[in-house]
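Residue numbers (my numbering): 17 to 286.
Glycine included, each C-beta is placed from N, C-alpha and C at the ideal position.
Here the structure is a predicted model, which means the values were calculated and not measured.
Please read the structure below before turning to the comments.
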Ligand code: 2AM
Ligand code: CA
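Spelled out as structure tokens, the structure:
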């Protein structure tokens, strides 16, 4: 679908929406860089390692305001202040935003974080954006146009098995051996952990890793899911089901062969 009803009887083409989002992300990047010259307020949320900063809130407010200006009827889910929808009409555009994915990395290292936006309609991913700000690489695309890193088109990664590639995951999930993950990790060529769903999904999109396993909330997955599915990767729950766009789940973004290996091993007795 290339035309979207945006409220007030108006229609907008998908590539016009795409241009707008790219412009907004360029402005968000400026906010990131200007934050480096001042002290940023950091607060904890559910635990001492679950952080939100003034910049998360500033970027979220900026993106939500821009979206609402252009799409008055848009449905928006965003991590810091709009984590749920009161009413949900699947036929209307749904915007899912993570203003900073990898906030701990932003605070501690000022790298390996991403700004992410996924646009959905009828439960189908339409457009996805993962902006690796510090490398100035915007991964963007959707089913019609394909997936790009800035202007460079990405080719679908090879369909490697688990034992032919690196596995991306989260430290806690691996330490606690959720879903048999230690055994799965040992069957791969090695494990990589970067503390950002967006940055780790990029590594699967670009064929640097064969899969990414994590417990993800809607805003952690929405953008990467559009891009991964467009490239022919699988996005499934760890028990092999199609994840609901609005649910928090143990999820796997992987090549088809690695996905089969991982689901089989996750279900094997411990
Ligand atoms: P976030 O920075 O947007 O919260 C590794 O920490 C990955 O898990 C990041 O993508 C992080 O995204 C996400 N995450 C989700 N819930 C988390 C939590 N409760 N604590 C820390 N990270 C969390
Ligand atoms: Ca976040």
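**Asked** What does a CB cutoff of less than 6 Å around residue 22 pick up in its chain, not counting 5 residues either side in sequence?
**Response** 28 and 87
**Prompt:** Is residue 288 near ligand 2, judged by its Cβ being under 7 Å from some heavy atom?
**Reply:** No statement about residue 288 is possible, as the shown extent of the chain runs from 17 to 286 and does not include it.
**heavy atom of ligand 1 below 7 Å from residue 120 C-beta** = yes
**Request:** Report the three-state DSSP secondary structure of residue 263 (helix, strand or coil).
**Result:** coil
**Prompt:** Who are the near neighbours of residue 202 in its chain, counting only those whose CB is closer than 7 Å to its CB and skipping five residues on each side?
**Reply:** none
**Message:** Taking 6 Å as the limit between beta carbons, can you name the residues of its chain near residue 149, skipping five residues before and five after?
**Reply:** 45 and 48
**Item:** ligand 2 heavy atom lying under 7 Å from the CB of residue 70
**Value:** no
**Prompt:** According to DSSP, what are the bridge partners of residue 28?
**Reply:** 20
**Message:** What I want to know is whether the C-beta of residue 116 ends up closer than 7 Å to one or more non-hydrogen atoms of ligand 2.
**Reply:** yes
**Message:** Using a Cβ-based criterion (distance less than 7 Å to any ligand heavy atom), does residue 59 qualify as near ligand 2?
**Reply:** no
**Message:** Using 8 Å as the threshold, is the C-beta distance between residue 170 and residue 163 below it?
**Reply:** yes
**Request:** Reducing DSSP to helix, strand and coil, say where residue 164 ends up.
**Result:** strand
**Item:** Closest Cα partner of residue 116 within the set 135, 259 and 75
**Value:** 75
**Prompt:** When the Cα atoms are used, what is the spatial distance from residue 246 to residue 68?
**Reply:** 31 Å
**Request:** Have a look at residue 205 and residue 199 and give me their C-alpha separation to the nearest angstrom.
**Result:** 12 Å
**Message:** With distance defined between alpha-carbon atoms, name the residue in 52, 238, 41 and 168 nearest to residue 82.
**Reply:** 41
**Prompt:** Any heavy atom of ligand 1 closer than 7 Å to the Cβ of residue 97?
**Reply:** no
**Item:** Cβ distance (whole Å) where residue 244 is taken to contact residue 230 below 8 Å
**Value:** Between residue 230 and residue 244 the Cβ distance is about 13 Å, and since that is not below 8 Å, they are no contact.
**Prompt:** When burial is assigned at 16 or more other CB atoms within 10 Å of the CB, is residue 156 buried or exposed?
**Reply:** buried
**Request:** Please determine if the stretch 136-152 and the stretch 263-282 are in contact, where contact requires at least 3 C-beta pairs separated by less than 8 Å.
**Result:** no
**Asked** Just to check, is the beta-carbon of residue 233 closer than 7 Å to a non-hydrogen atom of ligand 1?
**Response** yes
**Item:** Enclosing beta strand (DSSP E) for residue 132 [first to last residue]
**Value:** 130-137
**Prompt:** Taking Cβ to Cβ, would you say residue 242 is nearer than 8 Å to residue 186?
**Reply:** no
**Asked** Taking all protein chains shown into account, do 16 or more other C-beta atoms lie within 10 angstroms of the C-beta of residue 284, making it buried, or fewer, making it exposed?
**Response** exposed
**Request:** Would you mind sorting residue 39 into buried or exposed? The rule is 16 or more other CB atoms within 10 Å of its CB.
**Result:** exposed
**Asked** Just curious, the beta strand (DSSP E) that residue 200 is in, first and last residue?
**Response** First-last for residue 200: 197-203, but that is the alpha helix (DSSP H), not the beta strand (DSSP E).
**Request:** Would you kindly work out how many angstroms separate the C-alpha atoms of residue 188 and residue 80, rounded to a whole number?
**Result:** 31 Å
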